[in-house]
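Just add 12 to wherever you are in the sequence shown, counting from 1, and you've got my numbering.
All residues carry an ideal CB built from backbone N, CA and C; glycine is no exception.
Since the structure comes first, as structure tokens, the remarks are kept for the end.
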Amino acid sequence: FFLYLCYNGPYGLGESLLRPARNRHAAYYADKELTCFPREPVHPWLVQNRQFVGNLQAMRRYAAEISGVDDGVGRVMDALRRLGLDRDTLVVFSADQGLCGGHGGFWGMGDHSRPIHTHEQTVRIPLLYRQPGRIPAGLVSDLMTCNYDFLPTVLSCLGLEGKVPASPPLPGRSYAGALLGQTIPWDNIIFHEFENTRMVRTADWKLTLRHPAGPDELYDMRNDPDERQNLIEAAEHAATRATLRHQMEQFFARYADPKYDLWRGGVSKARRLIR
């Protein structure tokens with residue numbers, strides 16, 4: 013069997029973030045200060061959700077919704093165990109995007125700002141795999157992966173490696189071996205695109221470029237993980253900037269669909285920013 017399960021909360025709550033949650037966790041969070049949410053000034057780029065930045069009620073509602081998702085996942089896992097299916101079922105918990113909860117002065121996803129942003133909390137996502145007897149419990153990997161790696165990985169886990177489409181070329185790579193505790197060849201570099209915004213991220217650096225005229229950003233993620241100091245104009249990092257840009261250009265030249273490649277005269281696919 014195949015089950016795809018997603019939750020409306022905490023995604024897409026809108027103004028209901030300013031009202032208490034309607035689940036069993038609302039009372040628990042009603043008096044919590046939730047210091048895990050940053051208290052920062054609203055970023056000037058943020059055009060939506062400004063009212064939620066630093067708003068304790070929004071933080072409490074979000075936390076309660078997350079706990080509600082945890083309840084739901086728990087029910088699924090209990091059902092698998094009860095039916096004797098847990099050892100024969102691959103369970104993956106993930107998301108399509110992250111969320112800023114005040115981080116850097118943003119709230120929500122990258123599309124809630126103009127220009128679109130790529131703050132770390134927006135592009136990082138949870139990624140957990142579970143299959144007792146096959147995937148070791150408690151195993152943690154430091155590989156940098158992207159959503160485009162998901163398809164080849166899951167197909168590999170299911171013994172369907174040969175089903176990965178050959179044309180058009182797909183950028184994803186399988187990290188199935190790492191799930192089993194194996195050491196696999198892997199270069200820690202990922203790429204991201206939304207509308208006119210592209211990003212390349214390595215273990216040490218993040219470069220974000222925006223077509224056609226910026227603003228562009230370069231961050232030293234080892235020494236500046238909160239992305240406070242934009243080094244895009246720093247002469248001492250010109251070589252790093254050039255290398256990352258070249259890697260980005262090579263990647264999208266190979267994998268971008270010409271019809272929707274805004275950088276080469278294509279049209280907007282999402283129709284969110286540029287038409």
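Test item: CB-CB of residue i and residue j under 9 Å
i: Gly184; j: Asp161; result: yes
i: Leu68; j: Leu46; result: yes
i: Leu230; j: Ala251; result: no
i: Glu77; j: Ala149; result: no
i: Gly114; j: Gly145; result: no
i: Gln241; j: Asp228; result: no
i: Ala265; j: Arg234; result: no
i: Leu102; j: Leu167; result: no
i: His37; j: Ala70; result: no
Rounded separation between residue i and residue j - CA only
i: Leu29; j: Ile196; result: 43 Å
i: Arg93; j: Tyr41; result: 30 Å
i: Gly24; j: Asp273; result: 28 Å
i: Glu261; j: Asp43; result: 49 Å
i: Asn35; j: Asp123; result: 28 Å
i: His223; j: Arg62; result: 25 Å
i: Arg31; j: Trp198; result: 45 Å
i: Arg287; j: Gly278; result: Confidence in Arg287 is poor, its pLDDT being 43 and thus under 50, which makes the residue's placement unreliable; the coordinate value appears in the next sentence. Going from the Cα of Arg287 to the Cα of Gly278 covers about 10 Å.
i: Leu172; j: Arg73; result: 41 Å
Nearest-angstrom Cβ-Cβ length linking residue i and residue j, presumed shorter than 8 Å
i: Val212; j: Phe206; result: That belief does not hold up - the Cβ atoms of Val212 and Phe206 are roughly 14 Å apart, past 8 Å.
i: Ile137; j: Gly110; result: 5 Å
i: Val104; j: Tyr19; result: Rounded, the Cβ-Cβ distance is 15 Å, inconsistent with contact.
Delimiting residues of the alpha helix (DSSP H) encompassing residue i
i: Val135; result: Glu132 to Val135
i: Thr252; result: Ala250 to Tyr267
Best match in the options for proximity to residue i [C-alpha to C-alpha]
i: Phe118; options: Gly171, Thr134 and Arg276; result: Thr134
i: Pro50; options: Gln262, Trp275, Ser280 and Asp238; result: Asp238
i: Cys158; options: Met260, Pro22 and Ile201; result: Ile201
i: Ser280; options: Tyr19, Tyr40 and Thr209; result: Thr209
i: Met89; options: Tyr187, Leu15, Glu248 and Leu172; result: Leu15
i: Gly26; options: Ser168, Met121, Asp199 and Cys48; result: Met121
i: Arg284; options: Ser125, Val85, Thr101 and Asp100; result: Ser125
i: Leu17; options: Val85, Thr165, Ala268 and Trp275; result: Val85
Extent of the continuous beta strand (DSSP E) to which residue i belongs
i: Asp232; result: Glu229 to Asp232
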